[in-house]
Amino acid sequence: MLASFELLLAGQAASLMDLTDTETDAMQPTSQLMNGEDLPFAPPKRNDLYIVPTGIRPVMRRTAVEILCWGMRNMKRYQLLSITSPSVEFEIGDAVIQSPIIKNTKKNPNFSNALLFVDTMLPKEEYFMPPVNLRVRDHRAFGRKPTVGMHVIRSLEKYMVSSTPQPTYITASNTDQVLMDGSPNGDNPETIVDMPDEQKALQPPDLEDIDWWCKYYTSIGEEDKALKYVEMGLDSVMIYDGPLESVPEFDGFTDFCDTFEIFTGDADDDEGQEVIGEFKGGFKVYELPEDPNAPLPPKHLDALPNPDPEECVVRVYLIQAYDLQPADPNGLVKVTLGKKSISLRDSYKPNTLNPIFGEMLEFKCHIPLQKDLKIVVKDYDLLTSDDPIGETIIDLENRYLSQYRANCGVHSVYYTSGPCQWRDACKPTEILEAFCKRHRLEAPVYGGNTQVTVAGRRHTLREYEQNKEPSPFWGPTKERLACYVLNRLPMVKEHIETRILRNKLQPAFDQGKLQCWVDIFPKSLGPPGPPVDISARIPKSYTLCNV
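Printed below as a string of structure tokens:
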């Protein structure tokens, strides 16, 4: 509630001799009252209520609020019954709007009609903007609709956007704007020549003793363990010191929708509150024309993915853990997705606080029905149950829906064979076309196989490969060029993330770290590429002869 008060003193003598002119003017109504003079006229009334003066009343403007009601997640029981048919009521100022009802969260926890639109009057100043109240109701038998929980959004500032949707401006990674041609200004024409695939005539090198770990050690700067990998000129992988969600350029993968916890209990009592579920959705707030007869601007939330559950293949690559607790030297991993769990108890790593796992686990799931990937590192015990050291949870749905395409990292070079073979279900040209469509950009325009124009920028294959030695593992020129362009776009590259392990008994302390990465392959995009063999290196036996 917004309110303004004015306190007028009466019946008390006050000396105004020591006040400045400004303070005297401020005290003028009080001095008038004490001297028996008349006060200024009262503000006008509307019925029995006074109208707030213009200088105090916030300036209102016509505002549009687009609401994305994507779905409900992890709903618990309420009054001993499961929450299967929820709906969400949004209260924004004087406007109240309700979402559709989910028929059955166990079959599809998403809303059938995900977009809502509110045309209302809101304060122009962000300081006076009212909060948004979310109330979740469950529709049960005999017409009962209990309120199971609520969430209060204190500020809509992060959801403020321009009235007209703008295409996403593409920024080059780690560089300023670049014009990919031979001239400084990019205005010199260039002859389009299809370059022959020189790598077809090259003899493949000897790949003995070349494995994925050569790529890993090259990426962390330990070239002495990479054997001939560096000499072959193959690519490296990006290694993050934290989880992928903490990388600033990816914004926690909340670009499509946010996750709001739904609380039950007294909103003013933190101890009495309990998380009963999650609401996935988002908002777009922008100014509308003052004339109600003027046409509305185009909506921001228009192109949405299919809300039906998507069947996916999920591959979890577990590389190694390190800095585990000294009391837990026998590390093993258990991975859970939905109702399926895979434990690597038989291959636990004894007597080490930095176990190297080198394992790939594959799951089949339906997102968002099974969206939370849980990785638990345990301490092996022979006679008793294995004690959990720490765990980490990955929200696969946020990665799947993100515009940064976090389902599978883009390789730096398009290889069709060899130790760095492309593993995505889509080719680089297909990914580039889908990126432009999602970001409201014109489709890529190719000039032969060695030139492409994306968002007004011209990229040539010569610019990217002029200092590279041809490789027998390279793919077609057009796909290589598209792959190079993808590496300039804001999307997830091939990577390894480092996730912190935490224990519920000691949530404030790190129990160690785990290096891993996750690939998500929707079935609708076709079969995925071959999995990466990250098996740990096996020591070779040698015979020492002393002569």
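So the sequence shown is residues 1 to 547, counted in the UniProt record's numbering. Where a beta carbon is used, it is the ideal one built from N, C-alpha and C, also for glycine.
With contacts defined as CB atoms closer than 9 Å, H300 and P165 qualify as a contacting pair. Annotation: the stretch 459–531 contains the following complete segments of the beta strand (DSSP E) (minimum length 3 residues), in chain order: 495–503 and 506–522.
In the displayed model, N133 falls within a strand according to three-state DSSP. Within its own chain, the residues whose Cβ lies closer than 6 Å to the Cβ of L525, once the five positions on either side in sequence are excluded, are A425 and C426, listed in chain order. In this structure, DSSP gives T429 a helical state, which the three-state scheme calls helix.
The beta strand (DSSP E) runs of length 3 or more contained entirely in the UniProt domain "C2" (45–169) are, from start to end of the chain, 60–73, 86–92, 95–98, 115–123, 132–138 and 147–153.
Residue state for R405 is assigned as coil, using DSSP reduced to three classes. The alpha-carbon of V136 is positioned some 5 Å away from that of V88.
Per the coordinates, the alpha-carbon of T218 lies some 7 Å from the alpha-carbon of S236. Counting C-beta atoms within 10 angstroms of its own C-beta, E310 has 16 or more neighbours from the protein chains shown and is therefore classed as buried. In this model, N487 and L80 are separated by some 51 Å (Cα to Cα). Of the candidates S417, D255 and C516, the residue whose Cα lies closest to the Cα of P472 is S417. It is roughly 11 Å from the alpha-carbon of P355 to the alpha-carbon of S347. In the DSSP secondary-structure assignment, D372 is bridged to D395. In this structure, the straight-line span from the alpha carbon of P528 to that of I431 is close to 14 Å. Taking every protein chain shown into account, the CB of M75 has 16 or more other CB atoms within 10 angstroms, so this residue is buried. Using a Cβ-Cβ distance cut-off of 8 Å, the stretch 488–499 and the stretch 279–299 are not in contact, since fewer than three pairs of beta carbons, one from each stretch, lie closer than that value.
Just measuring C-alpha positions, the residue of M121, P305, I375 and D209 sitting nearest V96 is M121. Rounded to whole angstroms, the Cβ separation of F279 and L134 is 6 Å, and the two are in contact under 8 Å.
M60 counts as exposed, since fewer than 16 other beta carbons sit within 10 angstroms of its beta carbon. Positions of the alpha helix (DSSP H) runs, each at least 4 residues long and wholly inside the stretch 299–360, cannot be given because no such run exists. Residue pairing from DSSP places I239 in a beta bridge opposite I496. Residue environment analysis places I393 among the exposed positions, since fewer than 16 neighbouring C-beta atoms fall within 10 angstroms of its C-beta.
Only residues of its own chain outside the window of five on either side were considered, and among them N354, P355, I356, F357 and Q515 have a CB closer than 7 Å to the CB of Q320, listed in chain order. With fewer than 16 other beta carbons inside 10 angstroms of its own, P530 counts as exposed.
In this structure, the alpha-carbon of P326 lies about 11 Å from that of D379.
Looking at Y542, I92 and L489, the one whose alpha-carbon comes closest to that of V285 is I92.
When the Cα atoms are used, T429 and G331 turn out to be separated by approximately 42 Å. Here T384 carries a coil assignment [DSSP, helix/strand/coil]. Around the Cβ of V377, a 10 Å sphere holds 16 or more other Cβ atoms; the residue is buried. Relative to the Cα of V335, the nearest Cα in the group I375, N110, P305 and W213 belongs to I375. Annotation for Y286: the continuous beta strand (DSSP E) segment containing it runs E274 to E287. When the alpha-carbon of G512 is set against those of N306, V518, T352 and G409, the nearest one is in T352. Judged by their CB atoms, D519 and G409 are nearer to each other than the 9 Å cut-off. T254 and D533 have their C-alpha atoms roughly 31 Å apart. Of all alpha-carbon atoms in N104, S412 and V454, the one lying nearest the alpha-carbon of F435 is that of V454.
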